[in-house]
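Heads up: the structure comes next, in structure tokens.
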Amino acid sequence: MINGRGVRICYECIDLCREIVDEERADKAASAPAPEPASYGPDSIVDTLSYEDLDTMRERWGAATTVADDARDAMLIMIGEVERLRRERDRRRADT
Numbered sequence: 046m047i048n049g050r051g052v053r054i055c056y057e058c059i060d061l062c063r064e065i066v067d068e069e070r071a072d073k074a075a076s077a078p079a080p081e082p083a084s085y086g087p088d089s090i091v092d093t094l095s096y097e098d099l100d101t102m103r104e105r106w107g108a109a110t111t112v113a114d115d116a117r118d119a120m121l122i123m124i125g126e127v128e129r130l131r132r133e134r135d136r137r138r139a140d141t
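Per my numbering, the sequence shown starts with residue 46, numbered consecutively.
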């Protein structure tokens, strides 16, 4: 379970997001599979997902009609949280 501010996301949802990202990446570059992170956790998720991936996920989850509203809302919050963590990490790297 990944915990964020006011939201918890299960590994099944993380896997579903990865499948979405993998589909998008496969469409763009069929010869280069996405690298698998060594373990689940906030750092591996932030390292794996680009801003473009997050935008794609936000678009797909925002339009999702086959999931419960609470699940969709939780995923959109998680996407925002990952984006925030990535911006913070990028800012720290730029400062060093």
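For each residue, glycine too, the CB sits at the ideal point set by N, CA and C. All of these numbers come straight from a predicted model, not from anything done at the bench.
Distances from the alpha-carbon of E69 to those of Y56, D135, E104, R50 put E104 closest. Pairing L121 with G107 gives a Cβ-Cβ distance under 9 Å. Between T141 and T111, the alpha-carbon positions lie close to 44 Å from each other. Using a Cβ distance threshold of 9 Å, A113 and I54 do not count as a contacting pair. The three-state secondary structure of V127, taken from DSSP, is helix.
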